[in-house]
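Enquirer: Before anything else, here's the structure in question.
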Amino acid sequence: EAGVVQSPRYKIIEKKQPVAFWCNPISGHNTLYWYLQNLGQGPELLIRYENEEAVDDSQLPKDRFSAERLKGVDSTLKIQPAELGDSAVYLCASSLAGTGYNEQFFGPGTRLTVL
Amino acid sequence: DAKTTQPNSMESNEEEPVHLPCNHSTISGTDYIHWYRQLPSQGPEYVIHGLTSNVNNRMASLAIAEDRKSSTLILHRATLRDAAVYYCILSGATNKLIFGTGTLLAVQP
Chain A
1 EAGVVQSPRY
11 KIIEKKQPVA
21 FWCNPISGHN
31 TLYWYLQNLG
41 QGPELLIRYE
51 NEEAVDDSQL
61 PKDRFSAERL
71 KGVDSTLKIQ
81 PAELGDSAVY
91 LCASSLAGTG
101 YNEQFFGPGT
111 RLTVL
Chain B
1 DAKTTQPNSM
11 ESNEEEPVHL
21 PCNHSTISGT
31 DYIHWYRQLP
41 SQGPEYVIHG
51 LTSNVNNRMA
61 SLAIAEDRKS
71 STLILHRATL
81 RDAAVYYCIL
91 SGATNKLIFG
101 TGTLLAVQP
């Protein structure tokens, strides 16, 4: 069974440039999460989708970050414009449902470097 | 959201048991206790979870204190591949995981 797929795995951009990350969750998983992980820290939730609806985006910096999951399957996270402080690993995860006992499956992440 | 407290780092020898502690004194009655681990350059992976009773699976055991204010993840025989950051996390009905900085486990051959 394929796991959570993310692309690209690595991205280097200049500050003020736009960047986009793509995630394909495990088939059948209705819930999709985007996390940000800074070096030496645990992942922090940016946004959670239940199907195509963003049900928790309280931690998403909406001035420069946006996300979409148009058909309730794959998702894209965008940053425009990128800042130096956005350098981090962006993780995508999925689960069967957003309830307290369902395991989240994480992808390998996209490591973003902003120069 | 209830928080957890874990040691920053621990060391173990290969093939010996490892007990990773976690304190969660503000846990609520409906919070699940989750353990995830993150190997270098990988995303976190699920290890085990529980609510009130001790739990066992192929990876580990979870021992939960009777008052639920603490728990211990037990790796029965550590291998070099178990070297990772281990996160103890509480979550409610929304399955929202709030990661701390975890415990960095080093396994010596």
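Top line first, the protein sequences correspond to chains A and B. Note that the working numbering gives residue 97 to position 97 of the first sequence, counting from 1, and the numbers run on in steps of one. Note that the working numbering gives residue 100 to position 100 of the second sequence, counting from 1, and the numbers run on in steps of one. Think of the CB as a built atom: it goes at the ideal place given N, C-alpha and C, for glycine as much as any other residue. For clarity, every value in this text was computed on a predicted model and none was experimentally measured.
1. Does any residue of chain A bring its CB to less than 9 angstroms from the CB of residue 55 of chain B?
2. Any C-beta of chain B within less than 9 angstroms: which residues of the segment 80-114 of chain A qualify?
3. Just to confirm, are residue 21 of chain B and residue 7 of chain B a CB contact at a threshold of 9 angstroms?
4. To the nearest angstrom, report how far apart residue 63 of chain A and residue 105 of chain B are at their CA atoms.
5. Apply the 10 Å Cβ neighbour rule to residue 18 of chain A and answer buried if 16 or more other Cβ atoms are within range, or exposed otherwise.
6. Would you say residue 41 of chain B lies against chain A (beta-carbon separation less than 9 angstroms)?
7. Taking the straight line between their C-alpha atoms, what separation do you get for residue 83 of chain A and residue 47 of chain A?
8. Identify which residue in A/16, A/14 and A/20 has its Cα closest to the Cα of residue 109 of chain A.
9. Considering Cα atoms alone, identify which of A/94, A/93, A/85 and A/103 is closest to residue 16 of chain A.
10. Where in the segment 7-91 of chain B do unbroken runs of the beta strand (DSSP E), each at least 3 residues long, occur, reported from the N-terminal end onward?
11. By a C-beta neighbour count over all protein chains shown, 10 Å radius and 16 as the cutoff for buried, is residue 31 of chain B buried or exposed?
12. By the three-class DSSP mapping on this structure, what secondary structure does residue 77 of chain A have?
13. Would residue 24 of chain B pass as an interface residue toward chain A - the criterion being a Cβ-Cβ separation below 9 angstroms?
14. Any C-beta of chain B sitting closer than 9 angstroms to the C-beta of residue 5 of chain A?
15. Mind listing the chain A neighbours of residue 101 of chain B? Cutoff is C-beta to C-beta under 9 angstroms, in chain order.
16. Would you tell me roughly how many angstroms separate the C-alpha atoms of residue 103 of chain B and residue 6 of chain A, rounded to the nearest one?
17. Starting from the beta carbon of residue 45 of chain A, find every residue of chain B whose beta carbon is closer than 9 angstroms, and list them in chain order.
18. Compute the Euclidean distance between the alpha carbons of residue 107 of chain B and residue 60 of chain B, then round it to the nearest angstrom.
19. Measure the CB-CB distance between residue 90 of chain A and residue 10 of chain A and report whether it falls below 9 angstroms.
20. Give me whichever residues DSSP pairs with residue 50 of chain A in a beta bridge.
21. What are the boundary residues of the beta strand (DSSP E) that residue 67 of chain A is part of?
Expert: Inspection of the coordinates gives the following:
1. no
2. 89, 91, 92, 93, 95, 97, 98, 99, 100, 101, 102, 103, 104, 105, 106, 107, 108, 109 and 111
3. yes
4. 38 angstroms
5. exposed
6. yes
7. 19 angstroms
8. A/20
9. A/85
10. 9-13, 18-23, 32-38, 45-50, 61-64, 70-75 and 84-91
11. buried
12. strand
13. no
14. no
15. 40, 41 and 42
16. 26 angstroms
17. 96, 97, 98 and 99
18. 16 angstroms
19. no
20. A/31 and A/53
21. 65-68
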